[in-house]
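This report concerns only the one structure given below.
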Amino acid sequence: MSANLASTRPKTAAAQHPGENAAALRPHAEQAFADELAALAAQDDRPRPARWRLSPWAVATYLLGGTLPDGTVISPKYVGPRRIVEVAVTTLATDRALLLLGVPGTAKTWVSEHLAAAVSGDSTLLVQGTAGTPEEAIRYGWDYARLLAHGPSRDALVPSPVMRAMAEGMTARVEELTRIPADVQDSLITILSEKTLPVPELGEEVQAVRGFNLIATANDRDRGVNELSSALRRRFNTVVLPLPESAEAEVDIVTRRVEQLGRSLDLPAVPDGMAEIRRVVTVFRELRDGLTDDGRTKVKSPSGTLSTAEAISVVTNGLALAAHFGDGVLRPADVAAGILGAVVRDPAADRVVWQEYLETVVREREGWTDFYRACREVSA
Amino acid sequence: MTGTAGTGSRRTGPLLLGVRHHGPGSARAVRAALDAARPAAVLIEGPPEADALVPLAADPALRPPVALLAHAVDEPGRSAFWPFAGFSPEWVALRWALDHGVPVRFIDLPAAHTLAWETETGLPSAEPAEPAEPAEPAEPAEPGEPEEGEAAPAADERARLDPLGALAEAAGYDDPERWWEDVVEHRGPGERDPFAPFEALAEAMGALRERYGTGGHPRDLVREAQMRLRLRAARKEFGDAVAVVCGAWHVPALREKATVTADRALLKGLPKVKADLTWVPWTHRRLARSSGYGAGIDSPGWYGHLFHVPDRPVERWLTKVAGLLREEDRIVSSAHVIEAVRLAQTLAAMRGRPLPGLGETTDAVRAVMCDGSDVPLALVYDRLVVGDVLGEVPDSAPAVPLQRDLARQQRALRLKPEAPERELELDLRRDTDAGRSRLLHRLRLLGIGWGEPGASRGSTGTFRETWRLRWEPELSVRVAEAGVWGTTVAAAARARAESDAANAAALAEVTALAERCLLAGLPDALPVVMRALADRAALDTDVGHLAQALPALVRTLRYGDVRGTDTRALAGVAAGLAERVFVGLPPACAALDTDAAERMRGHVDAVHAAVGLLGEALAGAAAGAAEAGGVGVGGGPDDAAGPGRAATAAAGAGPGGAGGPGSPGGAAEKEGGGATSGAPDDPGMAAPSIDGADQDTAAVPVLGAGQGAGVPSVFGADQDTAVPSVLGAGEGAAAAPGPGVGAGAGSVGGPGGLRRRWRGVLRALALRDTVAGVIRGRAVRLLLDEGELAAGEAARLMGLVLSPGTPPGDAAAWIEGFVGGGGGLLLVHDERLLGLVDAWLTGVPAEAFTDVLPLLRRTFAAYDPGVRRTLGELVRRGPGKWTGSAAPGLTAPGFAAEPDAERADAVLPVLRLLLGPDGRQTTTHEKSLTGVGT
């Protein structure tokens, strides 16, 4: 059964011809970091769970970075609390499914990809969750031409990535789990608790072999999502990926991403946006945390998520404004409208929150007069 | 059996059990070692005066956590604590000795010395004991306990050598607590040799002490000399079979061979006070580091669990957590517990720890039971990791210092506790009475209801208070209970107030608390209370709450004034609160039903009055700084009580100020007007400001700092700018150069800005159609009273509302808001308004008339009979004669048509006499009369 399934599985280009895929726009984690994975595997002398490419310790090292005994430097893939990675890896090692929660821009997908690459050596068994994700994407579908021609048979069955992972003892990934309709989500329950996937049409089932596990990611502050049923939820260990801990770290992330985006959008280079970027990040952080940076004053939090990703988009937008309509320098007025749009999601409640913040925090802050004025102008 | 039996490796002599204070592993090991060695006496690190209190520990009514409290007899505020939890090794040793009928001796330095040491040396937080500073006994520091330095709360303390830290670092741990847990706590007592852990630890400590000496605790030498002396005495009495339980750090010193003379010499001439000791109840929260008392552990609940469970600590702990979460209605099944145990154990293995510790179990609870969220986890931390355990002390324990302090104050103030109820009139201008009032207020804060404030009879002056006193027997119990808060009434009340502020649920509670703090003369508690207030205000989304809190706060400000308290922090918070009200009020006034609108009108009135008072309160403090700002910053006098005309000075001195030496940049940037001296290259220009009105106030902290005035909100005085035209003026100031405009903006200053923005809010309310009629009417009326609206403008607005397009119900509500609440005189004097009302009323269709009648009737019924009669007469006379504004015979009975200027002037000298000679105050009071009294 499993052999049969495996043979139907389309191999990734990299798996068949490593190196041939170098021109890909974005190589998979196991391709991009093949050297590090190989070095880790070579020197890993700790016990490995069944079908794991690396031991849990080596997986943690792969994500957090470090130097191996032979001097190979492993670059950090995730910069954040060590605890998070340890709990995530341990969860997978204890054969529990892992749910990574977090607002956009907290590297959920990135962590899940690298975990799968390190554990199973393959991060491509992926189900992308959308409002239209059908049950076939999680269980299996049919090749209708064959089905009609030859009737239900193993050959006519199109396995989902999850099914393949089960059969081969690999790590499957489900992105944006909460976007998937609730009834489709629930088809995961049997898979996670019974570790089996019945195929009633054939009177068979696919039993997961050891090594199978599942990593799901979800956005916990998004609206219009399908909350997980408690039955499904308790099949997961949940790890919340935090927002960047310090303002400095967040400014770095924003700056780096803004540069990348600016290049790909061919925006003219804007010389010195650092001050405004810092300001945007500060505003976002303060409103998000409900506390000013000096820890002295509490403020209300608006209903929006104010994620790092939104900060990046505000700054990019501001840069475009400055480049095309302004004098090329990122000024408070360029970001003010973007910030207003990000903060005020609910026209009544959020507007009060924003104005209160403006009046009680921004107005009194030294050096923020221009920004205050710009914000007053756009919110009037 | 002697201590030497059964252990070949151990050297002969007393059994030295070095422990980590409050370490459950140490406690188990101590118990095992004592069981094995069966010493003839147990010596414990602690003040020897406590020897007499040992029998009390056998009382079943004494339940840990408890603390030994030492305090100076003459000065209850000077005190020190030695806390014991059920899992403290010292407590275990004490109980073991009591259970086995073995004598106990405390062998540390007497509390008499440790308490006295502070006064002599003036070294506040040096070892061994850290009695509270005499003036501030509210936070009695932790004496004697955290001497390893690993846990002392003070920063300088932590900076000293941390012996455990050194050991942990050597072992590759970044957290000494975890190292200790792994190496000692989680290794139960050695199965074969109960003494082995102590041997190993003593060796390690010996190595450390060789290397680091006293490790920055010079006083340890003296304490250890005392311990050696006491140990010698005990050996003389009981032979070698004594056991010593002390901090591991001291073990090498006790092994040291020092001569009696050398030890005596060290102890010679120590300062001494008369000290008293007693047991007091303690709590787990205080054991926790975060509570400020800091016994050195942040997870007493977890430690207690480790100590008390018979086996499988992790499984039992996670089951306990699941139980707690279930009680709070989280769905946690046994399957969750199983998964959490698996995760915790695997995590421990992955982190290379012998057993899951608190960190692993917490991670497991978060990932499995709490969906990754920290919110339920906080509950687990609060209820279980720290825990709500409260110790108990039998009644037979000696009196707590708080009782003594109370008795002393009762004597000093000649206020006897008596059972029969009696009334007490206090005149706060007299020192004794003020003291009595403070004492009673403080006791009330502590929940000791000896006196209840009653309504003052006869006089309404703020300097009088009436109390009903009755001392009931259970109040003594309350006093004993309140002993946990501190050792003096003042300190305890302050600690209690701060705790209450932190725990208060509603905003109004905190404002009330602030008021009580002022009444009780506890200005030190104010910063904490204000902080809590500001936080609550920031998060409260109900404008009604804010609007209720503001008047109370402003009242508090006034009280503070009367009592000479420093209320600047209060003023800052009040101003912030006002800002929040301004922002939130207009949206909150939309779409209200009748009752809600009526309530909101009350809020609007209250805020209006409060803003007026607040303006005054701030102006008093600000005048001086405003003056300084205007006159040129360099040498401006820092005159907080400066004359009110200062504002004018500031205004007039616009250009002069500009020429002055550079004022601090922030001030120039924000002050927006008279004080724009900061930009030397731009003299005479008003600072860039989009909205002058807002800029004025903004300035404030900056200017204050620049002046060294220390006033948190330095507002220009406002009295002279009674009518700073309308809002537009402020905007006009934006970029316009020249002294004229700059002066306009500058002189309005803070309270002016505050009031001006309030007027802006009122204006917005008045013009917004979605706002309920009664509020709109009220807003127009308040604006009119403020002189913000020309009479014609008011008539126009009224005409709009009373025009046929408005539903009659709305219009009647508007009228109720506009002239309701006894505001009828306005109609008497402004006949155009009366005419409008009259014309509207006659135009109301018959079917609607019955609807509006009750409301109108209520509005007009509230007027004085005289006003009603006059109105009636005016209406009867008919509309035809209303063209003249002051025709003879139209005035109220008893008044001439024209004011008699000569007679009016005659009153002025008396008024001046009453209100004070200086112009500022005169204007102030005039303002308050017109602004508030309506």
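Those protein sequences? They're chains A and B, same order as listed. For the first sequence, numbering that gives the first Met the number 0 begins at 0 and goes up steadily by one. For the second sequence, numbering that gives the first Met the number 0 begins at 0 and goes up steadily by one. Here a beta-carbon is modelled for each residue, glycine too, at the ideal position from N, C-alpha and C. No experiment lies behind these values; they were computed from the predicted model shown.
Query	Result
DSSP state of glycine 842/B mapped onto helix, strand, coil	helix
Interface positions of the segment 30 to 60 of chain A facing chain B (Cβ-Cβ less than 8 Å), listed along the chain	Pro55, Trp56 and Ala59
Beta-bridge pairing of threonine 170/A - partner residues as DSSP gives them	Asn212/A
CB contact flag (serine 159/A, glutamate 135/A, <8 Å)	yes
For glutamine 127/A, the residue or residues it bridges with in DSSP	Glu174/A
Where proline 38/B falls, given that 16 or more other Cβ within 10 Å makes a residue buried	buried
Short CB-CB distance (under 8 Å) between aspartate 362/B and chain A	yes
Own chain residues within Cβ distance below 6 Å of valine 352/A, not counting five before or after	Lys299 and Pro301
Residues bridged to histidine 70/B [DSSP beta-bridge criterion]	Ser78/B and Asp275/B
Contacting positions in the segment 292 to 324 of chain A - beta carbon closer than 8 Å to chain B	Thr296, Lys297, Val298 and Lys299
Same chain, Cβ closer than 7 Å to leucine 342/B, neighbours up to 5 away in sequence not counted	Ala363, Ala366 and Val367
Leucine 62/A vs valine 239/A beta-carbon contact at 8 Å	no
Classification of histidine 307/B by the beta-carbon crowding that lies within 10 angstroms, buried from 16 upward	exposed
Residue nearest to arginine 579/B in terms of C-alpha spacing, selected from Arg469/B, Leu870/B, Val760/B and Trp278/B	Val760/B
Interface flag, threonine 345/B vs chain A, CB-CB below 8 Å	yes
Classification of isoleucine 330/B by the beta-carbon crowding that lies within 10 angstroms, buried from 16 upward	exposed
Buried versus exposed, by CB contacts within 10 Å (16 or more), threonine 696/B	Because the pLDDT of threonine 696/B is 36, which lies under 50, any placement of that residue in the model is unreliable, and the question is left without a value.
Proximal residues of chain A, C-beta to C-beta of serine 298/B below 7 Å	Here the premise fails: no neighbours, minimum Cβ distance about 17 Å.
Partners in chain A for histidine 335/B, counting only beta-carbon separations shorter than 8 Å	Arg233
Beta-carbon contacts of phenylalanine 283/A that lie in its chain and below 6 Å, excluding the five residues immediately before and after	Leu305 and Ala310
Cα-Cα separation, aspartate 370/B to alanine 31/A	32 Å
Residues of its chain near proline 145/A, where Cβ-Cβ distance is below 8 Å and the 5 sequence neighbours each way are ignored	According to the sequence as given, residue 145/A is arginine; it is not proline. So the list reads Ser152, Asp154 and Ala155, once near-sequence residues are dropped.
Inside the segment 19 to 76 of chain B only - alpha helix (DSSP H) runs reaching at least 4 residues	23 to 36 and 53 to 56
Other residues of its chain near alanine 257/B: CB distance less than 8 Å, five sequence neighbours each side excluded	Ala224 and Arg227
Own chain residues within Cβ distance below 8 Å of isoleucine 106/B, not counting five before or after	Leu42, Ile43, Glu44, Gly45, Pro47, Gln225, Met226, Arg229, Leu230, Ala233, Val243 and Cys245
Contacting positions in the segment 162 to 176 of chain A - beta carbon closer than 9 Å to chain B	none
Collapsed DSSP secondary structure at proline 892/B in the structure displayed	Only weak support is given to the placement of proline 892/B: the predicted model assigns it a pLDDT of 46, under 50, and the question is left unresolved by the model.
7 Å CB neighbourhood of leucine 324/B in its chain, flanking five on each side removed	Val331, Met368 and Pro375
Meets three-Cβ-pair contact criterion under 8 Å: the segment 603 to 615 of chain B and the segment 775 to 794 of chain B	yes
C-alpha distance - proline 48/A paired with alanine 167/B, whole-angstrom precision	32 Å
Cross-chain neighbours of glutamine 354/A in chain B, by beta carbon under 8 Å	Val582
Those residues which DSSP pairs with leucine 389/B across a bridge	Thr282/B
Boundaries (first-last residue) of the alpha helix (DSSP H) holding tyrosine 61/A	55 to 63
DSSP beta-bridge partners of cysteine 245/B	Gly17/B
Inter-residue spacing [alpha-carbon to alpha-carbon] between proline 68/A and proline 80/A	23 Å
CB of lysine 271/B within 8 Å of CB of alanine 433/B, strictly	no
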